[in-house]
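Everything on this sheet refers to the single structure shown next.
Residue numbers (our numbering): 7 to 134.
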(Lines of atoms letter the chains of each structure in order from A and count residues from 1; the text may use other names and numbers.)
(Lines give C-alpha, C1' and ligand atoms only; values in the text may rest on other atoms or scores of the structure.)
Protein backbone atom coordinates (compact mmCIF):
# COMPACT_ATOMS: atom_id res chain seq x y z
CA UNK A 1 0.00 0.00 0.00
CA UNK A 2 1.15 3.51 -0.75
CA UNK A 3 1.52 6.28 1.81
CA UNK A 4 -1.67 7.97 0.62
CA UNK A 5 -3.65 4.76 1.27
CA UNK A 6 -2.51 4.59 4.90
CA UNK A 7 -2.22 8.29 5.75
CA UNK A 8 -4.83 9.56 8.21
CA UNK A 9 -5.15 13.36 8.29
CA UNK A 10 -6.97 15.79 10.61
CA UNK A 11 -7.90 19.13 9.02
CA UNK A 12 -8.50 21.94 11.53
CA UNK A 13 -9.94 25.27 10.38
CA UNK A 14 -12.77 27.41 11.72
CA UNK A 15 -13.75 28.54 8.21
CA UNK A 16 -15.84 25.98 6.33
CA UNK A 17 -14.64 27.31 2.96
CA UNK A 18 -10.99 26.80 3.93
CA UNK A 19 -11.72 23.32 5.29
CA UNK A 20 -13.47 22.55 2.01
CA UNK A 21 -10.50 23.68 -0.08
CA UNK A 22 -8.14 21.51 1.95
CA UNK A 23 -10.39 18.44 1.85
CA UNK A 24 -10.96 18.90 -1.90
CA UNK A 25 -7.19 18.93 -2.37
CA UNK A 26 -6.91 15.76 -0.26
CA UNK A 27 -9.59 14.15 -2.44
CA UNK A 28 -7.64 15.23 -5.54
CA UNK A 29 -4.52 13.58 -4.05
CA UNK A 30 -6.65 10.47 -3.41
CA UNK A 31 -6.09 10.66 0.35
CA UNK A 32 -9.24 9.03 1.63
CA UNK A 33 -8.68 8.86 5.39
CA UNK A 34 -9.29 12.30 6.79
CA UNK A 35 -11.46 13.99 9.35
CA UNK A 36 -11.96 17.64 10.13
CA UNK A 37 -12.72 19.94 13.03
CA UNK A 38 -13.75 23.57 13.24
CA UNK A 39 -11.56 24.23 16.30
CA UNK A 40 -8.49 23.01 18.12
CA UNK A 41 -10.26 21.67 21.21
CA UNK A 42 -12.55 19.43 19.13
CA UNK A 43 -9.58 18.27 17.06
CA UNK A 44 -7.66 17.30 20.21
CA UNK A 45 -10.64 15.33 21.50
CA UNK A 46 -11.02 13.49 18.18
CA UNK A 47 -7.29 12.76 17.94
CA UNK A 48 -7.25 11.32 21.47
CA UNK A 49 -9.96 8.83 20.42
CA UNK A 50 -8.67 8.14 16.89
CA UNK A 51 -4.99 9.00 16.34
CA UNK A 52 -3.87 10.52 13.03
CA UNK A 53 -0.55 10.73 11.21
CA UNK A 54 -0.81 14.37 10.15
CA UNK A 55 -2.60 17.53 11.30
CA UNK A 56 -3.17 20.35 8.81
CA UNK A 57 -4.24 23.35 10.87
CA UNK A 58 -5.11 26.95 10.26
CA UNK A 59 -3.22 29.41 12.45
CA UNK A 60 -5.91 31.99 13.15
CA UNK A 61 -8.82 30.35 14.98
CA UNK A 62 -10.86 31.47 17.99
CA UNK A 63 -10.28 29.76 21.32
CA UNK A 64 -7.20 27.73 20.43
CA UNK A 65 -5.05 28.93 17.54
CA UNK A 66 -2.91 26.62 15.43
CA UNK A 67 0.22 27.13 17.52
CA UNK A 68 -1.67 26.40 20.74
CA UNK A 69 -2.95 23.20 19.13
CA UNK A 70 0.60 22.31 18.08
CA UNK A 71 1.84 22.93 21.64
CA UNK A 72 -0.91 20.70 23.06
CA UNK A 73 0.03 17.92 20.64
CA UNK A 74 3.77 18.20 21.33
CA UNK A 75 3.36 18.14 25.13
CA UNK A 76 1.33 14.90 25.12
CA UNK A 77 3.28 11.61 24.92
CA UNK A 78 0.52 10.03 22.77
CA UNK A 79 0.50 12.82 20.15
CA UNK A 80 4.00 14.33 20.25
CA UNK A 81 5.13 12.63 17.01
CA UNK A 82 2.13 13.54 14.84
CA UNK A 83 3.13 15.49 11.73
CA UNK A 84 1.93 19.11 11.78
CA UNK A 85 1.45 21.58 8.94
CA UNK A 86 0.42 25.15 9.81
CA UNK A 87 -1.58 27.08 7.23
CA UNK A 88 -1.59 30.84 7.60
CA UNK A 89 -2.72 33.87 5.64
CA UNK A 90 0.39 35.79 6.60
CA UNK A 91 3.92 34.50 6.86
CA UNK A 92 4.74 36.51 9.97
CA UNK A 93 8.30 35.56 11.01
CA UNK A 94 7.23 35.51 14.69
CA UNK A 95 4.51 32.93 13.96
CA UNK A 96 6.83 30.79 11.83
CA UNK A 97 9.66 31.01 14.40
CA UNK A 98 7.28 30.00 17.19
CA UNK A 99 5.98 27.12 15.05
CA UNK A 100 9.52 25.92 14.46
CA UNK A 101 10.30 26.19 18.17
CA UNK A 102 7.25 24.01 18.83
CA UNK A 103 8.48 21.55 16.16
CA UNK A 104 5.94 22.10 13.40
CA UNK A 105 6.93 20.04 10.39
CA UNK A 106 5.97 22.49 7.67
CA UNK A 107 3.82 25.53 6.85
CA UNK A 108 1.91 26.84 3.88
CA UNK A 109 0.69 30.35 3.06
CA UNK A 110 -2.89 30.99 1.95
CA UNK A 111 -4.00 31.05 -0.77
CA UNK A 112 -2.44 27.83 -1.99
CA UNK A 113 -2.93 25.42 -4.86
CA UNK A 114 -3.61 21.69 -4.50
CA UNK A 115 -0.11 21.09 -5.92
CA UNK A 116 1.45 23.34 -3.27
CA UNK A 117 -0.40 21.47 -0.52
CA UNK A 118 0.70 18.14 -1.98
CA UNK A 119 4.33 19.26 -2.05
CA UNK A 120 4.02 20.52 1.53
CA UNK A 121 2.53 17.19 2.70
CA UNK A 122 5.17 15.17 0.84
CA UNK A 123 7.92 17.13 2.58
CA UNK A 124 6.50 15.80 5.86
CA UNK A 125 5.39 12.23 5.05
CA UNK A 126 7.31 11.35 1.89
CA UNK A 127 6.03 10.54 -1.61
CA UNK A 128 2.29 9.97 -1.97
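Beta carbons: idealized from backbone N, C-alpha and C, even for Gly.
- Message: In this structure, how does DSSP classify residue 98 when only helix, strand and coil are distinguished?
- Response: coil
- Message: Assuming residue 33 is part of the alpha helix (DSSP H), what are its boundary residues?
- Response: 22-34
- Length at least 4, wholly inside the segment 32-81: the alpha helix (DSSP H) runs in chain order: 46-55 and 72-80
- Task: Report all residues from its chain with a CB closer than 8 Å to the CB of residue 45; omit the five preceding and five following residues, and keep chain order.
- Result: Excluding sequence neighbours, residue 45 sits near 18, 20, 67, 68, 69 and 70.
- Check whether the Cβ of residue 81 sits closer than 7 Å to any heavy atom of the ligand FAD, and report yes or no. Ligands displayed in this structure: none; no statement on the ligand FAD is therefore possible.
- Item | Alpha-carbon spacing of residue 90 relative to residue 110, whole angstroms | 5 Å
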